[in-house]
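> Once you've had a glance at the structure underneath, I'll fire off some questions.
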Amino acid sequence: MRRQTVKMLSMMLVILFALTSIELVPALAAEGRTAKIYDYTNSVTVIRGNESLKVYKGMRLKEGDTIKTGKNSIAYIEIDSDKVVKMDSSTIITISNFNGTDKNGSINISLTSGKIFNDIKKKLTKNSTYKVRTPNAVMGVRGTTFVVGIKPLGGNSQQTELSVLDGTVAFAASQQENLSVFVEMNHKANSTELTEDKLPEVRELNTTDLGTFELEEIVNNDELKSNISEVLKQEDTTLDEVLEQAKKREDEFNKNENQNEFIESGSKDNNGENDRGSNGKAPSNGGNGNPNANPNNNGNGNGNNNSNSGGNGNPNANPNNNGNGNGNNNSNSGGNGNPNANPDNNGNGNNNSSNGGNGNPNANPNNNGNDNSNSGGNGNPNANPNNNGNGNGNNNSNSGGNGNPNANPNNNGNGNNNSSNGGNGNSNANPNNNGNVNGNDKPSNGGNGNPNANPNNNGNGNGLNKPSGGNGNPNANPNNNGNGNGNNNSNSGGNGNPNANPNNNGNGNGLNKPSGGNGNPNANPNNNGNGNGNKK
């Protein structure tokens, strides 16, 4: 009984081993046909079904897998340990058919875009096939090295390009797969150039057909280097020179591509809505934008609410809102912007009934050279501080006076509140309120300012309640010396003492007289040499 039990168990083990062996044979055979990613750079993705898989070195691939390389990315796929597919950047392939064994099976690779380098190191058996398919061509091989790429032709058109580096490739258009042409080593064909029999045209390969993608493989393969040597000899060049020229061509191509992408992305982002010089909301055209401005809103030629065009923008302004030729609420065009102004709001022509005044071309601070009720006065071209040398004509019926071209402090050379034109400013005065030619409450022009006076209130040509103020002292130094004031005079005030030094010396005041007397030209002490003509 014991022997029978042992015998029965032995038979069962034999049967079990046999069954297991039957299951293992196909598994081992299937395991023998492999495809894997053995190397890659940068961005590579495998799509399996509806799932996007993270790539890693040694990753096994299956039938139906789609592999994508990104920009500046490369992927190497090894099949059956004797076939290599190198994918160029921006390439998409699908392993559409992968069955049988390496001795009795088929491999179909579908190339959707980009370029692949194929190296079939071992010649296939009669029962094995290796094909590469594109949207318009199919290539079949036995054992060879070749490059297949898809070249866009514009629109939806594209062509397949084949370059054979070793062996022979059967090349056919996809719509006439039964009619193929054999492309030999160092030859090229494409799917759009066909013979009269509708077969692809074949020509000799030249070095410009080769890119860095395949050249880098040729450089590292002695057999391929030997094969290409005949082409190099015909063109009297070297492989290194060919590689260098290919890099230059591709660098130039990539540069142009990047520029095109930048332009396209910019137009898609805002459709020109935020472009400088394009935001005029006037019934007519907005002004011209600033071609060289750097910060926000510089040199804009905005024409808000204008019946005509906005002014021209500032071509060189740097900060915000500088040199704008804005014509807000104007019936005519806004003034021209300041071409060199730096701070905010220089040279604006706002709220004018006619054209705004021309901005100060060199002014630095705020609000220089603003407009008037008619044309605004010309701004001070060299003034530095705030409100210096402004040709402001506020509340004037005509134009404001010309600003002081060289004044430094505040409020010099203003022509305010005149019924006619304001007087000319002091061209060389330095301190505050020197050389002002204010014509307050007078029908005519204010007197001419002192061109050389240094202290405060010296040489003022004030003309209060008189037709014209007296001429200021051109050389006086202390306070209130040599003033040519003409208070309550019916005519001009007397001439000031040109050489007087102390206080109140040499004043040519003409109170209640036609003309004040001439001051003592050489007097030194106080109140000496005054040419006062009181009640005389």
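Numbered by mature numbering (1 follows the signal peptide of the UniProt record, and there is no 0), the letters in the sequence shown go through residues -29 to -1, 1 to 507 in order. For each residue, glycine too, the CB sits at the ideal point set by N, CA and C.
1. Let me know the secondary structure DSSP gives S200 once reduced to three states.
2. Helix, strand or coil for residue 509? Go by DSSP, reduced to three states.
3. Please work out which residues of its chain come closer than 8 Å, Cβ to Cβ, to N70, disregarding the five sequence neighbours upstream and downstream, and give them in chain order.
4. Tell me whether the beta-carbon of L133 lies closer than 7 Å to the beta-carbon of V154.
5. Label G443 either buried or exposed according to how many other C-beta atoms from any shown protein chain fall within 10 Å of its C-beta, with 16 as the threshold for buried.
6. Exposed or buried, what is G298 when buried is set at 16 or more other beta-carbons lying within 10 Å of its beta-carbon?
7. Determine the DSSP secondary structure at N227, reduced to helix, strand or coil.
8. Just curious, the beta strand (DSSP E) that V103 is in, first and last residue?
9. Once DSSP output is grouped into helix, strand and coil, what is the label at E188?
10. Nearest chain B C-beta to D193 closer than 7 Å, yes or no?
11. Among K86, D180, L150, K169, whose alpha-carbon lies nearest the alpha-carbon of Q216?
12. Rounded to the nearest angstrom, what separates F117 and A143 at their Cα positions?
13. What's the gap between the Cα of L136 and the Cα of D90?
14. Of the choices L82, A46, K93, whose alpha-carbon is the least far from that of I121?
15. Could you give the distance in angstroms between the alpha-carbon of G114 and the alpha-carbon of N21?
16. For D51, which residues of its own chain have a beta-carbon under 7 Å away from its beta-carbon, when the five flanking residues on both sides are left out?
17. Would you mind working out which of T178, N157, Q146 sits nearest K169, comparing C-alpha positions?
18. Suppose the cutoff is 6 Å on Cβ atoms and the five residues either side in sequence are ignored; what does the same chain contact list for T37 look like?
19. Which value, in whole angstroms, describes the spacing of the CA atoms of V15 and N157?
20. Would a C-beta distance cut-off of 7 Å place S44 and S23 closer than the cut-off?
21. Label G182 either buried or exposed according to how many other C-beta atoms from any shown protein chain fall within 10 Å of its C-beta, with 16 as the threshold for buried.
22. For T131 versus S99, is the C-beta distance shorter than 7 Å?
23. Residues bridged to K39 by DSSP?
24. On the criterion of 16 or more Cβ atoms from any shown chain inside 10 Å, does T62 qualify as buried, or is it exposed?
25. Can you have a look at T105 and say buried or exposed, based on whether 16 or more other CB atoms are within 10 angstroms of its CB?
26. How far does the beta strand (DSSP E) with Q146 in it reach, from first residue to last?
27. Should E185 go down as buried or exposed, given a rule of 16 or more other Cβ atoms within 10 Å for buried?
28. For Q129, collect the residues of the same chain with a Cβ closer than 8 Å to its Cβ; drop the 5 residues on either side in sequence, then sort them by chain order.
29. Pull up the distance between the alpha-carbon of T209 and that of T40, whole angstroms please.
30. By the three-class DSSP mapping on this structure, what secondary structure does E194 have?
31. Note down, in chain order, each residue of its chain lying with its Cβ closer than 8 Å to the Cβ of D222, except the 5 sequence neighbours on either side.
32. Looking at E164 and E175, is the spacing between their C-beta atoms short of 7 Å?
33. Along the chain, where does the beta strand (DSSP E) that runs through L124 open and close?
34. Note down the Cα distance separating G85 from D207, rounded to an integer number of angstroms.
Taking the definition as stated:
1. helix
2. The structure shown does not extend to residue 509, since the chain is modelled only from -29 through 507, so no value can be given for it.
3. R4, E34, G76, S77
4. yes
5. In this prediction, G443 has a pLDDT of 44, which is less than 50 and means its spatial position is unreliable; nothing more can be read from the coordinates.
6. Any reading at G298 is ruled out, since the residue's pLDDT is 41, under 50, leaving its predicted position unreliable.
7. helix
8. 100 to 105
9. helix
10. Judged by its chain identifiers, the structure shown contains no chain B, having just a single protein chain.
11. D180
12. 15 Å
13. 10 Å
14. L82
15. 34 Å
16. R4, T5, D73
17. Q146
18. I18, T65
19. 31 Å
20. no
21. buried
22. no
23. T16, I63
24. buried
25. buried
26. Looking at the DSSP string, Q146 is not in any beta strand (DSSP E), and its letter there is neither H nor E.
27. buried
28. P106, N107, I121, K122, P123
29. 31 Å
30. helix
31. none
32. no
33. 116 to 125
34. 30 Å
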